[in-house]
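Numbering-wise (this note's numbering), the sequence shown opens with residue 257 and increments by one.
Beta carbons: idealized from backbone N, C-alpha and C, even for Gly.
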Amino acid sequence: MASFRERVLDAVRAVPHGKVVSYGQVAEMVGAPHAARQVGAVLYGLRDEDGDVPWHRVVNAAGGISTYKVGHGELQVALLKAEGVTFVSEGGPEGERVDMRAHRWRPEPAG
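Have a look at this one:
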């Protein structure tokens with residue numbers, strides 16, 4: 257059986273261009289529904305050889321942007337916008353969020 261890390265990376269690789277998933281969704285996809293934080297840890301620990309993993313397509317459940325790659329998420333926002341992902345303004349200190357209604361990916365159930 258593949259390691260948790262390998263399963264997470266494979267799940268994230270499956271997210272199509274222009275779509276996003278939440279950390280919790282990825283956790284569910286890999287059979288560990290309570291491991292959203294661990295999914296974040298896997299993505300935080302990406303290595304150069306993991307360059308094919310579209311980490312930017314993973315956001316928090318409300319569509320919020322992670323901030324660990326560059327500054328306050330500017331890189332992630334730029335990558336998502338380049339894929340046509342739209343954002344909605346929530347006001348408040350966190351600013352924009354991904355329009356989850358328009359861009360959340362729901363994979364087909366296996367079987």
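In the DSSP assignment, VAL341 falls outside any beta strand (DSSP E), carrying neither H nor E.
Classified as exposed, HIS290 has fewer than 16 neighbouring CB atoms from the shown chains inside 10 Å of its CB.
Annotation: the continuous alpha helix (DSSP H) that includes GLU284 extends over 279 to 285. Around the C-beta of MET257, fewer than 16 other C-beta atoms lie within 10 Å, and the residue is accordingly described as exposed. Sequence-distant partners of GLY280 (beyond 5 residues in either direction) whose C-beta falls short of 7 Å from its own C-beta, in its chain, are ALA292, ALA317.
For VAL314, the secondary structure class from DSSP, reduced to helix, strand or coil, is strand. Contact annotation: the stretch 266 to 277 touches the stretch 306 to 313, with at least three C-beta pairs closer than 8 Å.
Bridge pairing for GLU352: SER345 [DSSP]. Collapsing the DSSP output to three states places ARG261 in a helix. By the neighbour-count criterion, in which a residue is buried when 16 or more other Cβ atoms sit within 10 angstroms of its Cβ, SER278 is buried.
Residue range 292 to 300 is occupied by the alpha helix (DSSP H) that includes ALA297.
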